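By the count of this note's numbering, the sequence shown reaches residue 327 at its end, each step adding exactly one.
For reference, the structure discussed in these notes is given below.
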Amino acid sequence: METPKRLLLADDDRSLSPLVQEYLESKGFVCHLHHNGFDALDDFRKSRFNLCILDIKMPMKSGYELAAEIKNLEPDIPFLFLTGQADKEDRIKGLEAGADDYITKPFSMQELYLRIKAILKRTEMYGRLKNQHTKHEIGSYLFDAESREISRDSQIIKLSAIENKLLKLFCTAADGIVLRDEALKHIWEDENNFRERSLNVYVSRLRNYFKEDPGIEFMNIHGTGYKLVVKS
């Protein structure tokens, strides 16, 4: 069973917002409602949400201010602004602030629901693509370039910044072939002899990290570079 998506709704309209909350919960969402930015921000710090719906014109703390503070806590959180029909400048400013969408009051509940679904779908797709670019399966190991970790069963190895760059280069290189000059420029931005000796050391370290899987080999290509080979 799919876990319900969690929404944070901040709107000082005490007549409309409870109806919005009730409608969204009837659609299967978990919706937390707050009538000011301070309570909404406090709840965001304590809970996990998939999307924020923020009224722009709230007293004490505007939707813009609330969005900026939320983005500081979780940069990738999507949000949708609620704005007045005539407030064209608000809509432009909201999109410039990084809003994923906006909807003008008064609005159709169904339109709000469809816009929320569209944002969540885009966000999930982006998350999958992001993971594809940062996570790589290498034999029986999983390499996470974002967290700089190699994991196998319960074993976790933390990589240094240079080790992480080098392994990512192997994972993204055509046929797993990393040219020596390419690696030196990519990692250290130069090609001196001292760095070349350092490169040999870092390749040896990677070999040691993956030694538990005999199907993984970092081969020397004489005079050229290295090749990552993963045997099935």
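Ideal Cβ placement from N, Cα and C applies to all residues, glycine included.
Note that the structure is a prediction, hence the values are computed from the model and not measured.
Query, Result
"By the DSSP assignment, the alpha helix (DSSP H) with ASN167 in it spans what residues?", "158–168"
"Just curious, the beta strand (DSSP E) that ARG247 is in, first and last residue?", "244–247"
"Report yes or no: do three or more beta-carbon pairs, one from the region 236–249 and one from the region 207–216, lie closer than 8 Å?", "no"
"Span of the alpha helix (DSSP H) holding ARG140?", "132–141"
"In chain order, what residues of the same chain lie with their CB nearer than 8 Å to the CB of LEU331, ignoring the 5 residues before and after it?", "Because residue 331 is not part of the residues shown, which for the chain are 96 to 327, the question remains open."
"Please report the straight-line C-alpha distance between ASP134 and GLN116, rounded to a whole angstrom.", "16 Å"
"Can you give me the C-alpha to C-alpha distance between ASP248 and LEU104, rounded to a whole angstrom?", "40 Å"
"Have a look at VAL324 and PHE313 and give me their C-alpha separation to the nearest angstrom.", "6 Å"
"How about ALA163 and PHE174: do their beta carbons lie closer than 8 Å?", "no"
"Considering just the uninterrupted stretch of the beta strand (DSSP E) at PHE144, what are its terminal residues?", "Neither: PHE144 is in no beta strand (DSSP E) and is coded neither H nor E."
"Can you tell me where the beta strand (DSSP E) holding ILE316 begins and where it ends?", "311–316"
"Can you tell me which of the three DSSP states LYS253 falls into?", "strand"
"Which residue from LYS100, GLY234 and ASN295 puts its Cα closest to that of ARG143?", "LYS100"
"If you compare alpha carbons, which of LEU149, SER235, TYR236 and LYS216 is closest to THR199?", "LEU149"
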